[in-house]
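Visitor: Please find one structure pasted underneath; my questions will follow.
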Amino acid sequence: MRRLICLLSTIFLILFLFNSSFPKDGYFLVGTYIRTWPLGDTEEEISKGIYWKGDDLNLKGVDELIIAFGLIRNGSEIFIPDVEMGFDLKSEVKKLRERYKDLKIIISVGGWGAEGFSDMANDPKLRAEFCVNAKKMILDYGFDGIDIDWEYPVGPDWGLPIRTRPEDRENYVILLKELRDMLLNLSETTGKNYSLSVAVPASPWFLQKNDVVAVSKIVDHLKVMSYDYYGSWSSTTGHHANLYNNPKDPAWGGWSTDQAIKLYLNVVPPEKILLGVPFYGRGWKGVKNENNGLFQPYKESIDAISWDGIKKLISSGKFKRYWDDVAKAPYLFDGDTFITYMDKEALEYVIDYVKRNRLGGIFAWEYAHDMKGELLEYIFSKR
313 MRRLICLLST IFLILFLFNS SFPKDGYFLV GTYIRTWPLG DTEEEISKGI YWKGDDLNLK
373 GVDELIIAFG LIRNGSEIFI PDVEMGFDLK SEVKKLRERY KDLKIIISVG GWGAEGFSDM
433 ANDPKLRAEF CVNAKKMILD YGFDGIDIDW EYPVGPDWGL PIRTRPEDRE NYVILLKELR
493 DMLLNLSETT GKNYSLSVAV PASPWFLQKN DVVAVSKIVD HLKVMSYDYY GSWSSTTGHH
553 ANLYNNPKDP AWGGWSTDQA IKLYLNVVPP EKILLGVPFY GRGWKGVKNE NNGLFQPYKE
613 SIDAISWDGI KKLISSGKFK RYWDDVAKAP YLFDGDTFIT YMDKEALEYV IDYVKRNRLG
673 GIFAWEYAHD MKGELLEYIF SKR
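In this note's numbering, the protein residues as written are 313 to 695.
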């Protein structure tokens with residue numbers, strides 16, 4: 313009888329873990345990054361030094377808020393630049409705790425162009441110090457976990473002066489293991505569960521140069537940054553977050569979120585993959601007036617435009633909205649200026665894609681581009 317009870321208990325545990333590891337029907341995680349630097353699209357707007365307030369955020373239905381970014385200095389120290397410049401992040405986090413009892417608030421360390429990871433991860437002493445400093449920050453702010461946005465382990469650095477080395481492949485995994493051990497030990501003390509995630513690019517090189525299988529066994533989620541396929545670096549206009557590839561795309565055969573996610577699905581359990589969506593658009597001026605501006609040469613690129621800014625362009629009546637039904641992507645064109653972005657129609661296809669592929673969820677970059685939480689609320693309404 314005892315053996316039968318043990319067997320039944322084991323079967324129950326296996327079934328519980330199996331069922332809990334996959335998103336339930338109609339449910340997936342919804343998360344968003346939020347910046348720690350001032351609000352605004354342009355340098356002029358940002359220079360006003362206006363930061364977000366916890367009382368102003370609409371986070372209904374959001375599971376995770378990821379604070380971006382902590383940076384590395386002096387080898388292993390973690391700091392948030394704008395906190396040192398006067399942004400009272402701790403108070404705003406406290407306000408959010410009071411308003412959203414179930415919201416998980418996570419600190420992200422790194423970001424595009426962030427330096428310090430390669431040297432820190434290559435030195436056992438610095439790694440240990442980094443884990444201690446991460447623990448201190450988690451306890452100080454009451455964070456629920458840490459997100460590592462080391463975007464260029466092993467390389468490439470896309471022209472940025474960021475140190476990388478071949479040893480990054482192994483050191484990346486070691487760093488994550490040590491962070492996981494730190495979080496598990498912290499859980500024993502506080503009784504809380506802490507999450508560990510990584511932000512990863514939507515491009516093949518990362519999987520070719522890094523041990524993604526090992527990484528996926530350590531972390532809770534891999535956040536695939538499925539955007540910025542086109543930008544100021546591109547020779548023509550194009551979609552920067554298209555779900556599917558349009559064969560007419562002239563850029564190296566084109567790229568898409570579907571292609572990127574399929575690469576990760578080859579080596580990562582679907583429930584650990586979070587698909588990234590942008591709450592901003594990219595644009596170009598002096599665009600050749602053919603094919604409604606799509607895949608055309610241009611004279612100059614323009615700054616990234618928030619969803620709030622894009623809505624103003626649409627309401628101005630100067631731009632016409634177009635829909636690429638192959639790529640499942642919208643764009644605006646006025647005969648000269650081309651804007652690639654994501655809207656609710658595009659999100660509808662993304663949400664369906666996440667459900668069909670049983671992915672872990674969706675995350676957005678980033679809340680300050682949609683200060684009313686309109687797109688987040690739409691995602692939640694379709695969950």
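Where is the CB? At the ideal position from N, CA and C, for every residue including glycine.
So, under 8 Å CB-CB, LEU659 and ILE651 are touching, yes? Tell me the CB distance rounded to an integer number of Å.
Guide: With 8 Å as the limit, LEU659 and ILE651 do not qualify as a contact, their Cβ atoms being about 17 Å apart.
Visitor: Is it right to say ILE317 is buried, meaning 16 or more other beta carbons lie within 10 angstroms of its own, or is it exposed?
Guide: Confidence at ILE317 is low in this model, with a pLDDT of 41, below 50, so the placement of that residue is unreliable and no value is reported for it.
Visitor: From MET537, HIS551, ARG477, pick the residue whose C-alpha is nearest to that of GLY565; which is it?
Guide: Comparing Cα-Cα distances from GLY565 to each of MET537, HIS551, ARG477, the minimum goes to HIS551.
Visitor: Taking the Cβ atom as the reference point for each residue, do VAL662 and LEU487 lie within a distance shorter than 7 Å?
Guide: No, these two residues do not count as a Cβ contact at 7 Å.
Visitor: Taking the beta carbon of MET397 as the centre, do at least 16 other beta carbons fall within 10 Å, making it buried, or is it exposed?
Guide: Answer is exposed; the Cβ neighbour count stays below 16.
Visitor: For MET432, report the span of its alpha helix (DSSP H) as first-last.
Guide: Element bounds for MET432: 429 to 433.
Visitor: Are the stretch 606 to 625 and the stretch 571 to 588 touching by the rule of at least three beta carbon pairs closer than 8 Å?
Guide: No: the two stretches stay apart, fewer than three of their Cβ pairs being nearer than 8 Å.
Visitor: Would VAL589 pass as a contact of THR549 if the rule is Cβ separation under 7 Å?
Guide: Taking 7 Å as the Cβ cut-off, VAL589 and THR549 do not qualify as a contacting pair.
Visitor: Are the beta-carbon atoms belonging to TYR484 and ILE474 less than 7 Å from one another?
Guide: Going by C-beta atoms, TYR484 is not nearer than 7 Å to ILE474.
Visitor: Going by beta carbon distance, what residues of the same chain come within less than 8 Å of SER420, once the five residues before and after it are set aside?
Guide: Here the set comprises TYR345, ILE378, ILE379, ALA380, PHE381, GLY382, ILE458, ASP459, ILE460, ASP461, ALA511.
Visitor: So what does LYS597 bridge to, in DSSP terms?
Guide: The partner list for LYS597 (beta bridge, DSSP) reads GLU612.
Visitor: Do you know offhand how far ILE362's Cα is from VAL579's?
Guide: Computed Cα separation, rounded: 42 Å.
Visitor: Excluding sequence positions up to five away, which residues of its chain have a Cβ less than 7 Å from the Cβ of PHE391?
Guide: Once the five neighbours on either side are set aside, the close Cβ partners of PHE391 are GLY382, LEU383, ARG385.
Visitor: What three-state label does DSSP hand PHE273 in the structure shown?
Guide: Outside the modelled stretch of the chain, which goes from 313 to 695, sits residue 273, for which no answer is possible.
Visitor: Can you find the residues in the same chain that come closer than 6 Å, C-beta to C-beta, to THR569, ignoring five residues on each side of it along the sequence?
Guide: Correct list, in chain order: SER538, LEU555.
Visitor: Between the stretch 365 to 376 and the stretch 684 to 694, are three or more C-beta pairs nearer than 8 Å?
Guide: Touching, per the Cβ criterion.
Visitor: Closest to GLU678 by CA distance: which of ILE617, LEU401, PHE518, TYR541 is it?
Guide: Cα-wise, what sits closest to GLU678 is ILE617.
Visitor: Looking only at DSSP bridge pairs, what is GLY422 linked to?
Guide: ASP461.
Visitor: Going by DSSP, what residues sit across from LYS698 in a beta bridge?
Guide: The structure shown does not extend to residue 698, since the chain is modelled only from 313 through 695, so no value can be given for it.
Visitor: Give every residue of the same chain whose Cβ lies closer than 7 Å to the Cβ of PRO562, excluding the five residues on either side of it in the sequence, and list them in chain order.
Guide: Only THR548, PHE607 meet the Cβ criterion.
Visitor: What first and last residue would you give for the beta strand (DSSP E) that runs through LEU644?
Guide: That run of the beta strand (DSSP E) goes 641 to 645.
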